[in-house]
Amino acid sequence: MLILTCPCCGVTGEETEFHAGGEAHIKRFGPGSSEDEFHGYLFTKENAKGVHFERWRHNNGCGKWFHAARCTVTLEVFGTYSAQTYEPPQEIKDKISAKRPGWSWREFA
Amino acid sequence: MSNPVSALQGASFDGFAKVEEAGLCGMITLRGDLASAKVKKAVVNATGTEMPGQREVKVAGENALAWMSPDELLALVPYGEVTDKIAAIDKALAGQHYLAVNVSDARAVFRVSGTGVREVIAKLSPVDLSADAFTPGMIRRTRMAQVPAAFWIGEDGSATVICFRSVAEYVFNLLKGAAAPGSEVGLLG
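Chains A and B supply the protein sequences, listed in that same order.
Position 22 (the first sequence) corresponds to 22 in the working numbering; numbering is contiguous.
Position 4 (the second sequence) corresponds to 4 in the working numbering; numbering is contiguous.
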């Protein structure tokens, strides 16, 4: 069971109050992109063992989307942050580095 | 004109706590920039309450103003006054980016009173309902069993539960089950 804190309304709730929205920080390739790019956008997802970034929605609460950084092995949640960003904020990266030195996830480390 | 009726027309149940459907309640959902002075003034004028902060509800008699999300408020007013209140908001906020909609007939409201109110709700929602953690003046949007709901507990210890009208009967049955005599847990009093 994950305990998440919604950065939009400040509620700390358990997993069933939220809904997972898949991998975070995906760049969309739509019309005009090459087939390889579109294929990559649709199918090549991270399947991390350890540090992972996800999108979540507070669907039984304020209804807002946000990002969460967590560990898929221990279910530890490193932090949640705004959806209006292209990459994890430095503060979240520092928290992860303190607990999982040498972590990397896609282009972030 | 059709005759407006609430979802369960005032159904009630006496268990260790009393569960009643509150009948017709006027509800206005307002979306907009809650930091804007004009928006604040318009809703506060409509309900006669103070402006609630994050996750707060302000109650004044029959009226209430609840913080629902960073850009959404729910104003509770007498059923018959909703149209006038919305007209007043529309007038005050003309030209602004906002939305004020009458949702009175799209929601159902329940009141839970008596002993063990906190226990009835704690059985259904993943929320810490101890008196220290969930105090009067706070509103919590969460789920009740399988459906979304919002509730607060007033100074008098009774709870107000708001859910979608389409699940009114489901929520009433949940509350009935949770308040069934003999099912007291005795943890929250």
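Yeah, the Cβ is synthetic: ideal placement off N, Cα and C, and Gly gets one too.
Just so we're clear, the structure is a prediction, and the values are computed from it rather than from any experiment.
Contact annotation: Cys9 of chain A and Cys62 of chain A have beta-carbon atoms nearer than 7 Å. Contacts with chain B (Cβ-Cβ distance below 8 Å) from the segment 38-71 of chain A involve Asn59, Asn60, Gly61, Cys62, Gly63, Lys64, listed in chain order.
Two segments are said to touch when three or more pairs of C-beta atoms, one from each, lie closer than 8 Å; by this definition the segment 79-91 of chain B does not touch the segment 164-177 of chain B. Residues of the segment 7-26 of chain A with a C-beta less than 8 Å from any C-beta of chain B: Cys8, Cys9, Gly10, Val11, Gly13, Glu14, Thr16, Glu17, listed in chain order.
For Lys85 of chain B, the enclosing alpha helix (DSSP H) begins and ends at 82-92. In the DSSP secondary-structure assignment, Val19 of chain B is bridged to B:Phe13, B:Val112. Shown here, Gly177 of chain B sits in a helix according to DSSP, grouped into three states.
Flagged as an interface residue toward chain A: Arg143 of chain B, by a C-beta distance shorter than 7 Å. For Tyr98 of chain B, the enclosing beta strand (DSSP E) begins and ends at 98-102. Taking the C-beta atoms as reference points, Gly116 of chain B is found nearer than 7 Å to Glu184 of chain B. According to the DSSP assignment, His39 of chain A belongs to the alpha helix (DSSP H) that extends over 35-43. Assignment of Phe53 of chain A by DSSP, reduced to helix, strand and coil, places it in the strand class. By the Cβ criterion, the segment 26-39 of chain B is not in contact with the segment 117-136 of chain B, since fewer than three pairs of Cβ atoms, one from each stretch, lie closer than 8 Å. Here the C-alpha atom of Phe151 of chain B lies approximately 14 Å from the C-alpha atom of Glu21 of chain B.
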